[in-house]
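Structure, as C-alpha cells:
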C-alpha cells in the first residue's frame, strides 16, 4: 500500500513539474537546452550578441545573428527590416519556418529576446528562448568556442504575425494601456537620453521582471507587478522602450511566463515617437515636443 501511495505521489509530482514547464512557454532552461543540444541534430542555435562578442566566445555550433543586423537604415533607429529581407537573413543562417531554433545572447537577455520576438513575428514555428540563469549556465558546462560556425542555407518563408506588433496609429488610438519598460529616469525625462514618456503611459522597468541571476521571476510575482499598474490578463497592452529591445523581454514575460496573449511590441518605440515630432511628458508633467536626437543612446 505504501508503495502504491509513493507511486501516486511521484506521478503527481511529475504532472506538476510538467505543468510548470508548460507555463514557461518557449522559455527553455539550460538543462533542457543541453538535452536538445546533444540529441537534436537539426537544432540551430542563434547567438544574438554583437559580432565582437560572438567572435570572442559562443556556444559551439551557434550562428551569429546580431539584433542590429535585422534593422533598416534610416532616420528612425532600429525599425525591423521588411519580411522579405528578414527571411533572406534567416535563410542564409540555416533557419526555415520549421527549424528547431534556440536563441540566446551573452547574458543581457535583451538581444536574445528581441531576435526571438522578431522570429515569432515572422512565423517561426519552433523557436525557444534560452533565458539562462547564469548559475545554471556554469553548472551545465555548456560547450563554448571562438570558431565561427558554418551552416547549410535554408528557405525561410514569412508568415507574418501582426497580432504581436503595434504601430504608431495603434499607440495613438487610446485603446490600449501603454507600458514604458525603460528605467524610471528615462520615463520621467531626467536621463540624458530621454525627454520623457509617451502621454498616459505607465512605467515598469523591464528589469523588474527578472531575478538577479537573469531568469524570469515567478508567474505570481509578475502578476503582482502588473496588477500594481492596473494591468490584468484582460487588458490590452502595448509595450515600448527606446528602440523596443527591452520591450521584447516583457513580451516574453507576458506570453511565455503568464500565458497571456494581450501584449504587442511597439516596434517604432520612443525613437519613432519623438522622431516624428510627437509630444512626450516629463517628470514635471510638462509636455515637450522635440524632434531632435533626444532618443539617442541605449536600447
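In the working numbering, the protein residues as written are 242 to 540. All C-beta atoms in this analysis are idealised placements derived from N, C-alpha and C, irrespective of residue type, glycine included.
- Burial state of residue 271 is buried, judged by a 10 Å Cβ sphere holding 16 or more other Cβ atoms.
- Looking only at 302, 516 and 372, the smallest Cα-Cα distance to residue 493 is reached by 372.
- Residue 372 carries a coil assignment under DSSP once its states are collapsed to helix, strand and coil.
- Residue state for residue 386 is assigned as strand, using DSSP reduced to three classes.
- With fewer than 16 neighbouring CB atoms inside 10 Å of its own CB, residue 379 falls in the exposed class.
- Residue 316 and residue 381 have their C-alpha atoms some 43 Å from each other.
- DSSP places residue 462 inside the alpha helix (DSSP H), whose first and last residues are 460-468.
- Residue 311 sits in a helix when the DSSP states are folded into three classes.
- For residue 277, the three-state secondary structure derived from DSSP is helix.
- When C-alpha distances from residue 446 are compared across 332, 463, 435 and 425, the shortest belongs to 425.
- When DSSP states are grouped into helix, strand and coil, residue 401 belongs to the coil group.
- By the CB criterion at 9 Å, residue 506 and residue 472 fall outside the cutoff.
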